[in-house]
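Residue numbers (the numbering used here): 47 to 115. Read the structure below first, then the notes.
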């Protein structure tokens, strides 16, 4: 890319932030799917939390949200 075609810093920051948010959403979606798969296998919130290195209350909150969705 030539210097004249470089993005302004504000635009580059905005694009980078958008890409980071999209990646965060994808990671959360995969984590939530993993939680629900483990839940369907009969694991308790505590066991899921330990396996995924999360707090048990976070797992419970996610399970509740996914079931309401």
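For glycine and all other residues, C-beta sits at the position ideal for the given N, C-alpha and C. A quick note: this is a predicted structure, and the numbers were derived from the prediction, not measured.
Stretch pair the segment 88 to 107 + the segment 57 to 69: three plus CB contacts closer than 8 angstroms: In short, these stretches do not touch, since the Cβ pair count stays below three.
Which of helix, strand or coil DSSP assigns to residue 51: Residue 51 carries a helical assignment under DSSP once its states are collapsed to helix, strand and coil.
Who are the Cβ neighbours of residue 106 in its own chain at under 6 angstroms, not counting the five residues just before and after it? 91, listed in sequence order.
Taking residue 85 as the reference, give the member of 74, 113, 61 and 52 with the closest Cα. Nearest of 74, 113, 61 and 52 to residue 85, Cα basis: 113.
Assign residue 59 to buried or exposed, taking buried as 16 or more other Cβ atoms, counted over all protein chains shown, within 10 Å of its Cβ. For residue 59, the number of other beta carbons within 10 angstroms of its own is below 16, and it is reported as exposed.
Would you kindly work out how many angstroms separate the C-alpha atoms of residue 100 and residue 77, rounded to a whole number? Spanning the two alpha carbons is a distance of roughly 11 angstroms.
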